[in-house]
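Asks: Per the working numbering, residue 84 is the first one in the sequence shown, and the count goes up by one each step. Heads up, the beta-carbon is just placed ideally off N, CA and C, and yes, glycines get one too.
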Amino acid sequence: MTDLADTIERELRIAAPVDKVWTALTDYKEFGAWFRCDLDGPFVPGEVTRGVMRYDGTPGKAIYMRTEELEAPRRFSFTWPLDEDLPFEDAHADGRTTKVTFELEPDGDATVLRLVEIGFESLPEGTRLPHFRRNQKGWTAQMENLTAHVT
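Listed below in structure tokens is the structure:
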């Protein structure tokens with residue numbers, strides 16, 4: 084797999100102020116509303132937030148995210164394992180996670196959101212491309228969900 088297939092990037096302008104988009108990203112209940120999952124608690128740097136997906140096609144799937152950065156109101160990042168058969172702690176120990184970063188910039192009354200997901204190279208070779216393609220499609224849908232949630 085080439086470096087080009089190791090990174091997913093999205094950038095969009097959302098017609099909502101930075102504070103509103105920040106809250107939608109970092110308040111676990113609001114995140115759950117647009118991401119369509121039920122999370123067990125807030126995002127805290129260095130800690131794991133667990134939950135269950137409610138999204139079509141993945142209902143009941145476990146979701147685990149370790150918050151890496153929470154720099155209000157500009158930057159939020161987490162790592163998560165994409166191998167559903169690997170316990171969360173094992174995935175982090177083996178480095179089989181990807182990192183998702185959201186960066187926000189004010190643009191008048193709107194917000195420019197940049198999403199980057201990296202680390203697909205750390206996944207087992209046979210799963211890299213399928214996970215990359217799934218998440219590429221998934222982030223397109225989730226950015227639409229987020230935009231609808233805050234506008």
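#1: So is residue 196 buried or exposed if we call it buried at 16+ other beta carbons inside 10 Å?
#2: Using the C-alpha atoms, what's the distance from residue 202 back to residue 85?
#3: Please report the Cβ distance between residue 122 and residue 134, rounded to the nearest whole angstrom; I am assuming they are in contact, meaning their Cβ atoms lie under 8 Å.
#4: Hey, could you find the ends of the alpha helix (DSSP H) residue 111 is sitting in?
#5: CB residue 233 to CB residue 99, shorter than 8 Å?
#6: If the criterion is Cβ atoms closer than 8 Å, does the pair residue 111 and residue 131 meet it?
#7: Run through the region 184-219 for me and flag every whole beta strand (DSSP E) of 3 or more residues, listed as ranges in chain order.
#8: Could you give the C-beta distance for residue 48 and residue 180, rounded to a whole number, given that I count them as a contact under 8 Å?
#9: How about residue 118 and residue 219: do their beta carbons lie closer than 8 Å?
Replies: Based on what the coordinates show:
#1: buried
#2: Residue confidence for residue 85 is low, a pLDDT of 43 falling below 50, so the modelled location carries little weight; the figure read from the coordinates is stated next. Distance between the alpha carbons of residue 85 and residue 202: 12 Å.
#3: 4 Å
#4: 111-118
#5: Against a cut-off of 8 Å, the Cβ pair of residue 99 and residue 233 comes out as a contact.
#6: No, the pair does not count as a contact, with Cβ atoms beyond the cut-off.
#7: 193-201
#8: Beyond the ends of the chain as shown, which are 84 and 234, falls residue 48; an answer cannot be given.
#9: Residue 219 sits away from residue 118, with the two beta carbons spaced by 8 Å or more.
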